[in-house]
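*Asks:* Count the sequence shown with this note's numbering and you get residues 22 to 264, in order.
We put the CB at the ideal spot given by N, CA and C, even for glycine.
Please read these numbers as outputs of a predicted model, since none were measured by experiment.
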Amino acid sequence: MHPIERLRFVARASGLDDATVALEATAALVAFAGDPTAMVPACRQLLSRQPGCGPLWWACARLLTSTDVWASAQETIALLEQDRTESALAAAMSGPHGAVGSPGRQGRAAEVAPTVSWASALGRGTVLLRRSVAPGGSAGSSEAAADQPRGTAAARWLVAPVGTRLAGPLWDSLRSALSGPGRRGAPGPGHDDPLAPRPRTPTPEFVELASFTHVVCQDGLVAVGELAAPDCPVAPELANLRG
Numbered sequence: 022m023h024p025i026e027r028l029r030f031v032a033r034a035s036g037l038d039d040a041t042v043a044l045e046a047t048a049a050l051v052a053f054a055g056d057p058t059a060m061v062p063a064c065r066q067l068l069s070r071q072p073g074c075g076p077l078w079w080a081c082a083r084l085l086t087s088t089d090v091w092a093s094a095q096e097t098i099a100l101l102e103q104d105r106t107e108s109a110l111a112a113a114m115s116g117p118h119g120a121v122g123s124p125g126r127q128g129r130a131a132e133v134a135p136t137v138s139w140a141s142a143l144g145r146g147t148v149l150l151r152r153s154v155a156p157g158g159s160a161g162s163s164e165a166a167a168d169q170p171r172g173t174a175a176a177r178w179l180v181a182p183v184g185t186r187l188a189g190p191l192w193d194s195l196r197s198a199l200s201g202p203g204r205r206g207a208p209g210p211g212h213d214d215p216l217a218p219r220p221r222t223p224t225p226e227f228v229e230l231a232s233f234t235h236v237v238c239q240d241g242l243v244a245v246g247e248l249a250a251p252d253c254p255v256a257p258e259l260a261n262l263r264g
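#1: Measuring only the C-alpha atoms, how far is Val-228 from Gly-73?
#2: When you compare only the Cα positions, how much space is there between Pro-190 and Ala-176?
#3: Which runs of the alpha helix (DSSP H) spanning at least 4 residues fall entirely within the stretch 23-106, listed in chain order?
#4: Note down the Cα distance separating Pro-251 from Gly-144, rounded to an integer number of angstroms.
#5: For the structure I just gave you, are there three or more beta carbon pairs, one from the stretch 82-91 and one from the stretch 240-251, closer than 8 Å?
#6: Quick one: give me the first and last residue of the beta strand (DSSP E) that Arg-196 is part of.
#7: Return the bridge partner residues of Gly-144 from the DSSP annotation.
#8: Pull up the distance between the alpha-carbon of Leu-84 and that of Gly-55, whole angstroms please.
#9: Out of Thr-97, Thr-234, Pro-76 and Ala-198, state which residue places its alpha-carbon closest to the alpha-carbon of Gln-66.
#10: Using only CA atoms, which one of Thr-136, Glu-26 and Leu-187 lies nearest to Leu-179?
#11: Looking at the secondary structure, which residues open and close the beta strand (DSSP E) in which Phe-227 lies?
#12: Counting only the same chain and skipping the five closest in sequence on each side, list residues whose C-beta sits under 8 Å from that of Ala-48.
#13: Do Pro-140 and Thr-185 have their C-beta atoms within less than 7 Å of each other?
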């Protein structure tokens, strides 16, 4: 697939998981490794259409700040493909902290089953949620979790895959892009951007990081405070996408 067509595919994609969006974007953007003047607008256009994808911000920042774009792209792809977060979650849930299914607790399963939320991005002590699964395996939201009766023992787990921990300035750009006009629909008449149309996006859900009792990344179950440190560089070119 031609790089421009691949970029259009990523820009228009809906229903793909964040890692896949970032992988496809990285594979397309590497074609501009020798042309920084083309790389910057390509990254900005992608992010303006997929603003809630934390790993895409992370991948673009890595490419734009690298002195060897090709090597950085290969490393970025490898990090995304080898993300161990889901297996770390399974291991943590089967341990003493994930009490679901423990012998003798069947009658209290609804009380001890955690609500598990997956992050699309996080920064400055706040999380943009991608999805949540409430006790019993049903899809839920942070509001639903907060509405559980007092006295229940349900914990709130956050899953933070590779590429979701953004530097403060990138997080600010993400929030600004998500709050921009027309985020819920396609661009209006006369819009001639080559990567249009803009996919429809759901209303973003932001939650305080401190509201979670457990957090899991690819290193396993970690303290909530450990996710406060970003794992990506700051790319000034990605500031103020609407400017």
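*Replies:* Let me lay it out:
#1: 14 Å
#2: 31 Å
#3: 24-33, 39-50, 57-70, 75-85 and 90-102
#4: 7 Å
#5: no
#6: Careful: Arg-196 lies outside any beta strand (DSSP E), inside the alpha helix (DSSP H) at 189-199.
#7: Thr-147
#8: 12 Å
#9: Ala-198
#10: Thr-136
#11: 227-229
#12: Arg-27, Ala-94 and Ile-98
#13: The residue you asked about is not Pro; residue 140 is Ala in the sequence shown. Yes, the pair counts as a contact, with Cβ atoms nearer than the cut-off.
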